[in-house]
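Protein chains in written order, with the working numbering: chain A, 948 to 1327; chain B, 948 to 1327.
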């Protein structure tokens, strides 16, 4: 028997309960019953986001939601600072370019996150910047940016903070209202334990003012239409009904566990994974590691492609490789969504067995033991 | 026991096989296995569309795909003629307005479709028109436009024809290449027997030339990025994986039945429905009825809202009402996707029983009998 376990940082594993929930007979969306789902999901999304703001749900990928936020907030007359520290950050630079949005790119070394001081310096140097776009958890490098610190800067200067929380919301601490995030983006296929196909953006009152006075060309991704419909728990265009049904299940279960517990369990799996790989002589890639995804440098002499292939074909664990310049250089493990400590011990055991088969020298079991110690300490 | 049967023109019923197919464990999309799905689905989509053109699949609703086609083809220097004969046609006028696309609105009475002569006249009057946007099957009024005839005009004049085939593709005759359609749009939740969440646009070589030279602000809906990825059976952004899995099942089953058979079965259900409602003294609303959806005028003395409510609560049949100015005036029945002649006989029987309860005078069973005769003639 070979069980398949997804450790990719999206899509992640989907609970059997959610799969079956989505397999229930089709419901129409222009009904009182569907409006009840929308209403309940909205309240639960506010809880997950730790916000009183409106949370918009789109049918599309996270890119659609990010485009909606960026284009909605950045009409002519505004200027964006776009942190560029990875493959996803890069995409938001491309959105600005595609829509002719005035912007400055702030390059930061891959593997590092943006700090409050980086943003402060850039805003000091160019007083016309009134919008900051930053990726909270940069999935391609597994690096964490300091959204809380950056939020203080943008709030002080009355700027808009747009944060890509695609591998952050529901996985690591993310407190929209307390931190002063204005547009916070996420997608369904990460911490929400769902297949891809839904995207979310929570919008602060300050951001709505921007969006309301916006003059950018936009229709499908125009957040105003979604807000208008949401006032009646409705949607402007046909929603991805089955995914919304699954979403309700996921959000209810996250609320039941408690969002702080979800964060600390994610963090614990990241901590155990880091301890394990370091115990067998591997190195963590990012300088500022995030807890939702762990990126590990592939040691010399190990063939990354063969390693991932064996992990999947022989042991059933699908992990991710690197993207762009990092192709062949790192491997990545997700800690988001429907994954627990014993899944994590499993993937670490498989990693050890696969490394041993490639003649990488280490003491078999040392990594797993280090992870066990982290977990044992936490649950005692 | 009360079974629920959706007769709304989207979402439509989803086969149990598709629901369970989509409930299978999550697969990652950056794999050779997923690329095989994309490749097979693309070939099947070409068959359904009767085209050799590229068919792009988006995560989103039909509105996203229509926006992608319209914005992609209508940069500055081009002028669109937009037929406006219903609620969906109206939306494409709004897309043109939102993106500042130069356009002329061609209003046509609701319930009628656009004819070749309408387009010819408008293009004769304004030689700068080089793009025609028309809804093939206007879902809100159940009216059919003559895409074949319009295609002759646009082909002769080297104009681009963008057709909204959302309730046409896979339901009624639609021959992209033979008719000369340049962008043909559809969605998953109609004839494709799937939940909503996927949208499609097939793009002719002539349309790609436009799109390639386009200079409009677009990123998520930029078809060029999808075409580039598709050359390697890949996708630029995370796709709606479970829906694509269901899509494969649906398209295979449509191919097995044969697209001409799918068209004629849909047509037969429409014909039987029209015969039934006319046999009990009701009238068809559109002057140019389409075979994918039937719209019936609510007779005087019948409360439309109560009728639909009873159909659903007492008999389990969910039908649609009218939209916009047609609210309360018509009821609509879908003939698309996972529905057969006996489902259709069922909804007609429930309609008769509900009308009788509202004291509408007719001979109980006359409608059902008329439908049976149409079906019996076809299957003998």
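We put the beta carbon where it would ideally sit given N, CA and C, even for glycine.
Where residue i sits in the DSSP three-state scheme
| i | result |
| --- | --- |
| residue 981 of chain B | helix |
| residue 1287 of chain A | coil |
| residue 1230 of chain A | strand |
| residue 1264 of chain A | strand |
| residue 1096 of chain B | helix |
| residue 1065 of chain A | helix |
| residue 1184 of chain A | coil |
| residue 1134 of chain B | strand |
| residue 1337 of chain B | The requested residue 1337 of chain B does not occur in the structure, where chain B is confined to residues 948 to 1327. |
| residue 975 of chain B | coil |
| residue 1122 of chain A | coil |
| residue 1166 of chain B | coil |
| residue 1059 of chain B | coil |
| residue 1319 of chain A | helix |
| residue 986 of chain A | helix |
| residue 959 of chain B | coil |
Short Cβ contact (8 Å threshold) for residue i with residue j
| i | j | result |
| --- | --- | --- |
| residue 1006 of chain A | residue 1186 of chain A | yes |
| residue 1301 of chain A | residue 1219 of chain A | no |
| residue 953 of chain B | residue 973 of chain A | yes |
| residue 950 of chain B | residue 1268 of chain B | no |
| residue 1147 of chain A | residue 1003 of chain A | yes |
| residue 1237 of chain A | residue 1091 of chain A | yes |
| residue 955 of chain B | residue 1174 of chain B | no |
| residue 1045 of chain A | residue 1166 of chain B | yes |
| residue 993 of chain A | residue 986 of chain A | no |
| residue 1116 of chain B | residue 1077 of chain B | no |
| residue 1342 of chain A | residue 1114 of chain A | Only positions 948 to 1327 of chain A appear in this structure, which leaves residue 1342 of chain A out of reach. |
| residue 1009 of chain A | residue 1134 of chain A | yes |
| residue 1192 of chain A | residue 948 of chain A | no |
| residue 1158 of chain A | residue 1047 of chain A | no |
Bridge partners - residue i, DSSP secondary structure assignment
| i | result |
| --- | --- |
| residue 1090 of chain A | A/1085 and A/1236 |
| residue 1050 of chain A | A/1027 |
| residue 1278 of chain A | A/1243 |
| residue 1004 of chain B | B/1147 |
| residue 1017 of chain A | Partner(s): none; residue 1017 of chain A has no beta bridge. |
| residue 952 of chain A | A/1264 |
| residue 1078 of chain A | A/1027 and A/1107 |
Cβ neighbour criterion (16 or more within 10 Å) applied to residue i
| i | result |
| --- | --- |
| residue 957 of chain A | buried |
| residue 1127 of chain B | buried |
| residue 1250 of chain B | exposed |
| residue 1299 of chain B | buried |
| residue 1136 of chain A | buried |
| residue 1014 of chain A | buried |
| residue 1311 of chain A | exposed |
| residue 1293 of chain A | buried |
| residue 1217 of chain A | buried |
| residue 1239 of chain A | buried |
| residue 1105 of chain A | exposed |
| residue 983 of chain A | exposed |
| residue 1324 of chain A | exposed |
| residue 1164 of chain B | buried |
| residue 1247 of chain A | exposed |
| residue 1064 of chain B | exposed |
| residue 1111 of chain A | buried |
| residue 1061 of chain A | buried |
| residue 997 of chain A | buried |
| residue 1265 of chain A | buried |
Given residue i as reference, the closest of the options once Cα atoms are compared
| i | options | result |
| --- | --- | --- |
| residue 1069 of chain B | B/996, B/1026 and B/988 | B/1026 |
| residue 1059 of chain B | B/1048, B/1031, B/1073 and B/1049 | B/1031 |
| residue 1317 of chain A | A/1088, A/1181, A/1223 and A/994 | A/1223 |
| residue 1066 of chain B | B/1109, B/1204 and B/1047 | B/1109 |
| residue 1017 of chain A | A/1253, A/1097, A/996 and A/1129 | A/1129 |
| residue 1281 of chain B | B/1087, B/1073 and B/978 | B/1087 |
| residue 1188 of chain A | B/1155, B/1192, B/1142 and B/1188 | B/1142 |
| residue 1102 of chain A | A/1118, A/1049, A/1061 and A/1151 | A/1151 |
| residue 1328 of chain A | A/1277, A/1113 and A/1121 | Nothing can be reported for residue 1328 of chain A: it is not among the residues displayed for chain A, which extend from 948 to 1327. |
| residue 1053 of chain B | B/1045, B/1040, B/1226 and B/1044 | B/1040 |
| residue 1261 of chain A | A/1304, A/1062 and A/1037 | A/1304 |
| residue 1050 of chain A | A/1021, A/1235 and A/1320 | A/1021 |
| residue 1085 of chain B | B/1241, B/988 and B/995 | B/1241 |
Distance cut-off 7 Å: residue i Cβ against heavy atoms of the ligand PLP
| i | result |
| --- | --- |
| residue 1106 of chain B | This structure simply doesn't include the ligand PLP, nor any ligand for that matter. |
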